[in-house]
Structures are given as structure tokens and as C-alpha cells.
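Below is one structure, written out as C-alpha cells; comments come after it.
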């Protein structure tokens, strides 16, 4: 048994989330935390969330962001920022700190970054420098007004509110004089557009209705352009009220140079460099990460308020005397309250580990992606199809790199590893496959399961949970989760994305290495849950391979993009595996680096013991969900039809016909060695392994719950309440 002395602080987080050596990120965290627990908390406590309108009171947020440096976080130093290079991890850390108190405030901070993201990712050099620099707060002596932007993708139903491939925003040529730049007429109606109350410019997705313009594109619209820049009616939302949201109407004449990424003129036709889907793909590849992280931050933020509530509950009455267990522990004398809170905490930690891993990968991937584009441009390979063909030829090298990447350091051929790590195309192929899993995985699992777990946190404070003055603003956080689950793409969009990426050969090889890695962890770090996680991954991997080959009783393929009753649950199962895997990696990092920290060394065994138990709990929960989903998919498409020894199908499910499988009706188990379906025998063996590897997971929950009964917390929250 161990003792958790205090709730984890920055010294723990910096190690687990890999920014202990980044002073710039640490300062950004402190700036965001200061604003969250002063300005943001004050606004929530004073009822600023109780109106749909963007008020002068809410405007204090923008001033605070400007003064703290958060507004300039997205920019490069030459544009007025202060962090060189990719900033995905920086944005994720800021979102975590702000969402700890209020996710609407986090959205306000990130919305301008989202507006700039199309320009940052695909804009011309001139576009990037102009708009990025304009969105930096003016320095002393500068006579200018800061610009703020809005990202206008979503449109009134039934357009982009349902399918981002369908647009009602239209573009045509308004004027095109010989020898002069074309002028475009843009007609765009937005829906749920953040920042519209004060946006000076909008990045909008539109489709051509003119034969002189090809396809779709994104364009920059400014409030001073000729025409209508109507900010529209406020959205009557019940969540994220500390962000501005309106439904704008934009009908403007703009120069063609505002097309994001530029354009060519081919045979008298304006051909944008990028269509709107290419730009959105580049943007959402990264910006979904902070949104998923917001929900997980709420779960961890709920731990302290719930503990405080539980310890103060039932202290009244003559029978409850000071020094008695009831007085000292309150509701925490009950195992249920402790273990349910441990589940909330474990889910939050797993979601954060996954999101921060995705953010770090995005930071590494950004320069590799640009280097890949430069490489192909130099080779004259502009066709996407030819680029993909060239990358496929590298699959053996990519597999070799993955083998070395996940091999123990003492067994690795370091010279070969360094060579492959420096190969741009190898790195691109590997990172692109992994990002294609992590980015939608963060958005799918964190917001979906996070919303469920946030309801549990609210329930843990009883009737207090649905009041405005609930400690930790838990009620507001729970309702905010509902928007985060749909913001930047609902669950169905993420499942669809995973359906296309989780069959990647590169990702499949990566997961094989994850399985080996977790088995080593199970052997070397008892109590982490490595074995159960490895067995669940192997079960999922087998099920994916099986479903890609299997057919239903009507001869139709099971794994098909139209069979979302198959592909979507399998994507959900994968989402369950990602969080505990990256939490296990973070705990291993803490075990390795924690003893070197002066502030952690003394109690490091107790701290890592607690984190191992959280990881074991979450791994076991994930394994249970994966086993349930996989069983339904493997057995569920032959209702009342069973394989016979001669390879046929029996009309009636009888023990003799099953030849060794469980009968779906009476559960009779025969001799597996005589089974007509040896592939299903393998599935049963894998599932049995998952069951056996659950050994000890409930003991881990017992220990984690007991630790929560002893942990010291401050006398009061460090931000104001209602």
C-alpha cells in the first residue's frame, strides 16, 4: 500500500507531458493559469455565462489574453510571437489550463488561431505575414488596432452543418479587366461562427458558380470590403457562453489575391492552388487536438472539488464529533465514492496523455510535412497520386524504422536508426499514418467518453451538482462537454476518418510494436496493466483482419465504408486503446525521470504506484470494452446460423453443428480441436487471454480509492466560486 501525499503538480505534469525542458511552454502555462483562475473564474462566478450576447464584461477576456501574451502564442517571432517553430503543444497546454475553469474561455483563446490556421497552413507568404502580424497586440509606440479573425466553415442546414463536402457559400467573378487582378463576389452564410462579434476578417469556404473559377476554395473576407458584412444574430446556445457565436451573412467584393494559397490563371480560368477540402484537412489535422483536450481537462479539474465536497458532507449533527471517521472523511468513508472518483480521474489522465502525445506528434510532423512538399516540388512530382505511389515504395524502410523506434535502446542499431530518422519521406510516411489515428482518436474518445465521465463527476456531488454554485463549476463543465463532442466534427466524422486510416499497413505494424512494448512493460513494471493492454490490442488487431475478409450470411463484405455498423464500433474500440497506451507511456516516463527531480524524488514510489494503478484501471476498462465490441462483431453477423464440420451452415444452432464453438442458444462447449472454424478458436483464445490478464485490476482500484481518502488538498479552491 502507498500514500498519495498531495495532488500532482507541475513537476509531475512537465515530466509526463514532456515539457520539463521548455521554459517557453512553462511560462505559457503560467500565463494561461493566471487568467483562468482570476478573470475567467470571476466571469463565471458573476454569471457572465447567463446571456447569449457578447458583453463588455466578457470582453475582459480579450484584454487579458492580449496582455498575457496568449493572443500572440500562434505567431512566429518575426510576426510578433515568442515561440519559434510549431506550436501545437503550446496551444494544447493553454487549452488545458483555460478549460480547467471554463471551456468557453478556452474556445475564445483558440478561435483566432483557428481563423488564422488556413492562412498559416496553406496561405501565401504575403498572406501569412500580413494577417499573423495584424493579429498581434500593438506594442508600445505602435498606432494600430489589433485584428481578430473568425473561421467560417459551418453553414445553415442542410449544408456544411451535415457534410463539409457540400457548400452553399458561392463565388463568382464580379469584375475582370484586362491586365488587372480579378475581383470576386463572395456570398457566404455562416452558422455557429465563433468570434463574429468582434472579427475584423473571416476565412470562409466557398464554391464557384462561375465557369471562370474552378472548384472550391477558401478566401479571406475583411469587414471593410465593399458589400455586406453582417455579423448576424447571436446563436442561442446553452453552453460555451464565454465565447462569441453568431450566424453571419457576408456578401462582399474582394480581390482574387485573397484566395488562400493563391491561384493560377489557366486558359482564362482562375484555378485556386488548394481546394477547400485540402485546406480544411490540413487545419483539422491539428486543431481537433485542443478541443478533445478541453473535455479531459475538466475531468482532472473535478477531482479536488469532489474530494472537498465528500469530506465536508455529513459533518453536521450531534453524532458526528470531531476526530471521528465520519467527521474527518465524510462520504469518503464509503468505498463507492472513492472508486467512482478514481474512475473519473483515470479517464481524465488517459485522455490528456493521448491528446498531448498527439500534440507532440503534430509539432514533429509539421516540419517533416513541409520538407516532404519541398522534396516533391524539387523532383517535379506534383500529382498526389504519384506522391502516394512514391511513398508506398518506401514501406519496407518505414517498417524497419518502426522496428527500431520501438526496440529497447540497448538492442537498437543506432546508426541505422539515425539514418532512417533523417529520411524525410520515411518520417512523413510513419508520422502521417500515426497522426491519421491520433487526431481523430483524440476528438472521438476524449469528448465522447469524457462527457459520460463528466456526468459521473456531477453525480458525485449529488443535488449540489445541478446548481449554479456547484464547486468547481461542474454543472457548467458537464453541459459544455456536449458542444465539444460536436465542435470541429461530431463523433461520426471521427469514426469515418478512423475507418479509412486504421487499416493502414504502417499503423498495423506500429500497433504490433505497441503490443510488444506493452508486453515488456507488463514483465518489467508489474502493476502497470501492460499485459491486459497488449492482449486487448492483439484482440482488436485480429478482429480488424478478420472483418476485412469475412462476409455476412448474404455474402456481403463486413468491412466496407457503407457498413458503419461494423466499421464505427471498431473505431470506437480503437479509441478505447489509445488513451491507456499513452498513459502507460507517460507513467513509464515518470518512473524513469521522476527520481531525478528534486521535488519528486522523496515520494516517487508512492506517486508512481498511484499512477500505475490508474493506468491499470483504465487498461482493464478499455480491454473490457474492446472485448465486448469485438465479440459482437465477430459473432454477431451469423444470427442463428452456425458452421458445420463440412464447411456448410446449419439452419438451427445445435451443439453438434457448432463442432466445438459455444452454442448461441444453450452455451454447450465442445472440443475445440474439432472445430470447423479454427479462426474462431483463435479468437476465443485471444479473448480468454484478455480475461486472464484482468487479474489484479480490481485490487488496483481498491488501492487508488484508498489513496484518495488520504490525499491532502488545499483548504479552498484557488479560484472564486459562485
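Numbering (full-length UniProt numbering), first residue to last: 1 to 722. Note that CB positions come from ideal geometry on N, CA and C, so glycine has one too.
Secondary structure within the region 521-568: the alpha helix (DSSP H) runs of 4 or more consecutive residues, fully enclosed, are 530-549 (chain order). Cα atoms of residue 111 and residue 120: separation of roughly 14 Å, rounded to the nearest angstrom. Taking C-beta separations shorter than 6 Å and ignoring five residues to either side along the sequence, the partners of residue 535 in its chain run 689, 690, 693, following chain order. Of the other Cβ atoms in all chains shown, 16 or more fall within 10 Å of the Cβ of residue 88; this residue is therefore buried. Of the candidates 683, 698, 610, 610 places its Cα closest to the Cα of residue 709. By the neighbour-count criterion, in which a residue is buried when 16 or more other Cβ atoms sit within 10 angstroms of its Cβ, residue 537 is buried. Beyond the five residues adjoining it in sequence on each side, residue 470 comes within less than 6 Å, by CB distance, of 464 in the same chain, given in chain order.
DSSP places residue 306 inside the alpha helix (DSSP H), whose first and last residues are 303-312. At the C-beta level, residue 530 and residue 511 stay beyond 9 Å of one another.
The Cβ atoms of residue 44 and residue 94 lie no closer than 9 Å to each other. The three-state secondary structure of residue 55, taken from DSSP, is coil. By the C-beta density criterion, residue 687 is buried, having at least 16 other C-beta atoms within 10 angstroms. Nearest Cα to residue 298 within the set 478, 152, 217, 115: 478. Counting only residues of its own chain and dropping the five nearest sequence neighbours on each side, residue 395 has a CB closer than 8 Å to the CB of 429, 505, 506. Bounds of the beta strand (DSSP E) holding residue 250 are 245-255. The beta strand (DSSP E) runs lying completely inside the region 187-236 and spanning 3 residues or more are 201-208, 216-222, 226-234, given in chain order. Contact between residue 439 and residue 358 holds: their C-beta atoms lie close to 6 Å from each other, under 8 Å. Going by C-alpha positions, residue 83 is about 21 Å away from residue 288. In terms of Cβ geometry, residue 272 and residue 259 form a close pair [threshold 9 Å]. Residue 176 and residue 473 have their C-alpha atoms some 55 Å from each other.
Taking all protein chains shown into account, residue 65 has 16 or more neighbouring C-beta atoms within 10 Å of its C-beta and is therefore buried. 9 Å or more divides the Cβ of residue 591 from the Cβ of residue 532.
A check of alpha carbon separations from residue 402 across 423, 290, 513, 462 identifies 513 as the nearest.
In this structure the region 39-58 does not touch the region 452-464; the number of beta carbon pairs closer than 8 Å is below three.
Only exposed fits residue 23, as fewer than 16 other CB atoms lie within 10 angstroms of its CB. Contact between the region 238-246 and the region 203-212 is absent: fewer than three C-beta pairs spanning the two stretches fall below 8 Å.
The count of Cβ pairs closer than 8 Å, one atom from the region 432-447 and one from the region 291-308, reaches three, so the stretches are in contact. The beta carbon of residue 451 sits closer than 7 Å to those of 295, 481, 482, 485, all from its chain and outside the five residues before and after it, given in chain order. Bounds of any beta strand (DSSP E) do not take in residue 490, whose DSSP letter is neither H nor E. Proximity of the region 557-574 to the region 321-341 falls short of the contact definition, fewer than three beta-carbon pairs being nearer than 8 Å. Apart from sequence neighbours up to five positions away, the residues of its chain that approach residue 613 with a beta-carbon distance below 6 Å are 700, 703, 704, ordered along the chain. Bridge partners of residue 6 according to DSSP: 712. Where residue 28 is concerned, there is no enclosing beta strand (DSSP E), although the alpha helix (DSSP H) around it starts and stops at 23-35. About 6 Å separates the beta carbon of residue 424 from that of residue 375, a gap short enough to meet the 8 Å contact definition. If you draw a straight line from the Cα of residue 549 to the Cα of residue 631, it comes to about 16 Å. With contacts defined by Cβ atoms closer than 9 Å, residue 420 and residue 404 form a contacting pair.
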